Amino acid sequence: MEVRKQEIREEMESLAHKIGFLEDSKFMNNRYKVSQMNKRWKELQNQLLNL
């Protein structure tokens, strides 16, 4: 279970960096990507809380 928690944390960290990069860029077509990544981040957070 600890391994799974670490995997989830790493994916969340990776997503956080990608989201920050996309939000900083000025391209409007990144909004969909950001919303999808935010959704995935929340799913991972819930998985982590439920472990």
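So in the working numbering the end of the sequence shown lands on 63, straight run, no missing numbers. Built from N, CA and C at the ideal position, the CB exists for glycine as well. Predicted model, so just to flag it, every value in this text is computed and none were measured.
For Asn41, there is no enclosing alpha helix (DSSP H), as DSSP gives it neither H nor E.
If you compare the alpha carbons of Gln48, Lys45, Glu35, Arg52 with that of Glu23, the shortest gap goes to Arg52. The distance from the Cβ of Leu61 to that of Ile20 is about 10 Å, inconsistent with a contact at the 8 Å cut-off. For Arg16 and Tyr44, the gap between their C-alpha atoms comes out near 28 Å.
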